[in-house]
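Residue numbers (our numbering), protein chains in the order written: chain A, 295 to 570; chain B, 295 to 570; chain C, 295 to 570.
Using N, Cα and C, we set each Cβ at its ideal position, and we do this for glycine too.
These numbers come from a predicted model, not from an experiment.
The following block contains the structure:
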C-alpha cells in the first residue's frame, strides 16, 4: 500500500539525521508503530548503536498512542543479526571489559522485548539470522514471506543461544526441533518455521506486504486496552521466568565470548568472509 | 450408533424437567458420561444457570462409575460460548455486583475443569466460540468434525482470555499462533486447530459421530484406575499454576466487564445483532 | 557408511564378553559415542541388567572425548521397551521388595538422561515402545526411519507414564495429543510423531542410516564446548522440574505395579502372548 511505501523513506519526526540515512527508522500511522532495520547494504546487521536505538524505540512505543508495534527490515534481508564487527573492533587489552559491556547491553535489549506491553509483530521480509530469530519467541505474531529463512548458527561461532530462545524454542517446538536449530545450527525455511510454531503464517513474496499490512491495520482498530491487557495477561504467566533466563543466557554468553573456542571460530569466519 | 442417538433425547434419570427440555443433558452408558449442550435454537449459548448445571454435572461425573467424561453439543453448533444476555439483563445500579458474581462463577466453573479427575474428551460437532474454545486446553482429547471452527473474539468485545487459555494456548501452539487467536481474534478451521495441537484429530462430518464414539467406547474399556491415575499424574504437574492463572484471568475480566470499552463493544454487538 | 556398519559388530574395548554377544554395545568414533540396543531376537527389550549397563554407559559418555551421544537399535526394532519378564520372574513373597527396587532403578535410569551433559540423539530404526518412547522428550534430536512407530500402551497394562513424559509430552505436543498417547495408548506413525514435535525428521528407510550418520558426523565437528554449554543452558531451565516429575512418576508407578489391576493386565498380556 502506498502509505506504507512512502513511510519507509520518511524519517521519524524527532530524528535529526539526514532523511533515510538512519539505521533504524521508526514511523507511526494507522495505530501501528513500525520499527524498521535500515542498513540494507550490510544485510541489516545490528551494530552496538542500533541495539541502543531499538531499546529507545521500544520505550517510546510503549507509551505512544499506537495499538501495535511491528518490526521489519528494509531490502532483501530481515536482519543478519549481530554485526560481528562489534567483536572485531576491540583492542586486545580491553576484551574483558568489552565482553562485559556487550553482555549488559544484550540483557537490557532483550529485557525491552520481555517487558514490551503491547502486541508485538514481526514482518519477516527475508532471511533472519541469530538474535533476530531467537527474539521471535517473544513476539505475539510473526508473518513471513516465503523467501524468509531462520538460522541460528551459534555453535559454529563458538557461542550459545540468547533472546530467551533456550527457554522459548523448546516450549514452542519441542526439544527435538529446538535443539537442532539452537545447538546444531539447522537453517529453517519459512514453511518449516511455520509448521514448528515459530511463524504464525507464511505468504507468497508477491502479495506478502499487501496482505500483511491490510491485516495489521484491521487488527490495530480493535479496542486498544483489550489488546494491551490481553497481551500483558499472557506475558505475566512467564515474565519472571523470562527475565531469569535472559540473565543466565547473557552470563553464559559473556563466558563464551572470552573463550579460545569462540575467538578461533570468529577469526575463521572473518577470514573466510574476507576471501569472498 | 443407535444407542447414542437415543440417549440424546432421553433425560438423565434424576432430572425432573420435561424430557428433552433441559439445556444440559447428562447421560451415562458404556463407561462414558456424556454432558451435552442442548439449547440448539440459541446455538447452545451458555446461560448463568447452565454454568451451574455443568459444575454440578462435573462433580457428579467425578465419582460416578464411568471411565471417561465427554462434552458435546446438540444441533449445528458445539456452543457459541457465553450467552451475552448474561450481561444485558442487568440493572445499571447493580453492574458492579453482577460483574463480581459473574467473575466468581466463572472461576468456580473453570476450577471444575482443572480439578476433574478422569479423562475429559470434547466431541466438537460444529462451531465453537469463546469459553468453550479456551477450555479445550484443559481437555485430554479433542475430536472435531471438519465443519467445526474455533473462534475467541475477546478483543472485539472489549474482553480478555479466560479458561486458562492465556497459559495453555501459548504452551500448546506457541505465542505467535496463540496471540493471533486470543488477542487478534483469528478464527481457525478444524484443520488449522489440529495442526496447532488444540485438536487431537479431525473427521469428515459424514462419519464423525460413528468413528468418534466407536473409538471412545474402546478407550472406556481400559483399566479405569490407570486412566484416572495417569490423567491425575499429568495434571499434577501444573494444577497449582492453572488455578493461579484462572484466578488472575477472572480478576482481569471482572475489570474488563466494568470498562467503558467493553460496554461500548457489547452495545455495538447487540445493536448489530438486533438489526439482522 | 562402512565404518558404522563394522562398528555394530565390534565390541567396546573394555567389554570382556564374547564379541557381539552384549545386550548393549557401546562404540565411539568420529566424535560420536553410540549406545546400541543389541538384543534383536527379543525386539531389544530392556532387562534389569541392561538398565544398569545403560546408566553406566551414559556416565562414561559424559566424560569421554565425544561431542555427541547417540542411541539406536540393532535389527528391526529400536526397542520394545521394558522386558515384561522383569515382572514375572518374581516370587510372590518378594513382590513389594521387587517393586520398590524396580522403582529405584527406573528413577536412577531416567535421572541419567536428565543429567546427561552433551547433545543426546536418538536414531530410531524401527518400532519403539514404552520407556524408550517416553524418554525421547529428554533427547536433543530424534531421527526416525519411516518404518518406526511410537507406542506407549501404559493403561492397557494397568500402568502409568514414566521417563518424564507426563510433563514433556504435553509440553511438546499439547495435552490433547499427549493424552491420547499416554492415557489411551494411541500408536503413532513416524510422520505423526514428527508433526507433533516428538521426532525431529523422518527419512525413507532406504537412505535412513546413510543420511542420518552423515549429518551427525558433521554436527560432531562443531565446537565441542559450545555444543555442551548450549545443551546445558537449555536443560538448566527445567532440570529441577524434571527430577521432581521423575520422582513422582516412579512413586506412582510403584503403586501401580502392586495393584490388582496391573497384575491382571500383565497376566492377560502374558497369557495372550504365550498362545501366539
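- For residue 557 of chain A and residue 452 of chain A, the gap between their C-alpha atoms comes out near 8 Å.
- Taken in chain order, the complete beta strand (DSSP E) segments of 3 residues or longer contained in the segment 394 to 450 of chain A are 414 to 418, 435 to 439 and 443 to 445.
- Within chain B, 520 and 524 have C-beta atoms less than 9 Å from the C-beta of residue 448 of chain C, given in sequence order.
- Taking all protein chains shown into account, residue 370 of chain B has fewer than 16 neighbouring C-beta atoms within 10 Å of its C-beta and is therefore exposed.
- Cβ atoms of residue 456 of chain C and residue 400 of chain C come within 8 Å of each other, at about 6 Å.
- According to the DSSP secondary-structure assignment, residue 330 of chain B is paired through a beta bridge with B:319 and B:366.
- Proximity of residue 429 of chain C to chain A, defined by a Cβ-Cβ separation below 7 Å, is not satisfied.
- Contacts with chain A at 7 Å (Cβ-Cβ) include residue 513 of chain C.
- Looking at the DSSP output, residue 373 of chain C sits in a beta bridge with C:422.
- DSSP, reduced to helix, strand and coil, places residue 482 of chain A within a strand of the structure shown.
- Here the C-alpha atom of residue 418 of chain A lies approximately 14 Å from the C-alpha atom of residue 431 of chain A.
- Between residue 356 of chain B and residue 322 of chain B, the C-beta gap is not smaller than 7 Å, which leaves the two residues out of contact.
- Out of A:526, A:403, A:380 and A:404, the CA that lies nearest to the CA of residue 393 of chain A is found in A:380.
- In the DSSP assignment, residue 506 of chain C falls within the alpha helix (DSSP H) that extends over 502 to 513.
- Going by DSSP, residue 496 of chain C is part of the beta strand (DSSP E) stretching over 495 to 497.
- By alpha-carbon distance to residue 364 of chain A, the top candidate from A:428, A:331, A:496 and A:390 is A:331.
- Contact check for residue 376 of chain C against residue 458 of chain C fails: the beta carbons are separated by 7 Å or more.
- Taking a 10 Å sphere around the C-beta of residue 543 of chain B, we find 16 or more other C-beta atoms and assign the residue as buried.
- Taking C-alpha positions only, residue 467 of chain B is separated from residue 490 of chain B by approximately 5 Å.
- From the beta-carbon of residue 433 of chain C, the residues of chain A found nearer than 9 Å are 469, 470 and 473.
- Among the CB atoms of chain C, none fall inside 7 Å of the CB of residue 399 of chain B.
- According to the DSSP assignment, residue 523 of chain A belongs to the alpha helix (DSSP H) that extends over 518 to 530.
- Sequence-ordered contacts of the segment 470 to 500 of chain C with chain B read 470, 471, 472, 473, 474, 476, 477, 478, 479, 480, 489, 490 and 491 [C-beta pairs closer than 9 Å].
- Taking the CA atoms as reference points, residue 347 of chain C sits about 7 Å from residue 318 of chain C.
- The way I'd put it, the segment 513 to 533 of chain C does touch the segment 398 to 412 of chain C; three or more beta-carbon pairs between them come closer than 8 Å.
- Among the residues facing chain A, residue 539 of chain C is not included, as its CB has no counterpart in that chain under 7 Å away.
- Here residue 477 of chain C carries a coil assignment [DSSP, helix/strand/coil].
- The alpha carbon of residue 320 of chain A has as its nearest neighbour, out of A:391, A:374 and A:366, the alpha carbon of A:366.
- Beta-bridge analysis with DSSP links residue 340 of chain B to B:376.
- By the 16-neighbour rule on beta-carbons within 10 angstroms, residue 561 of chain C is exposed.
- The distance from the Cβ of residue 484 of chain B to that of residue 442 of chain B is about 4 Å, consistent with a contact at the 8 Å cut-off.
- When A:316, A:315 and A:326 are compared, the shortest CA-CA separation from residue 508 of chain A is found for A:326.
- The shortest CA-to-CA distance from residue 328 of chain C to any of C:334, C:351 and C:338 is the one to C:351.
- Straight-line measurement puts the Cα of residue 429 of chain B at about 8 Å from the Cα of residue 407 of chain B.
- Within 7 Å of the CB of residue 566 of chain B, no CB atom of chain A is found; the nearest one sits about 15 Å away.
- Taken through DSSP and simplified to helix, strand or coil, residue 456 of chain B comes out as coil.
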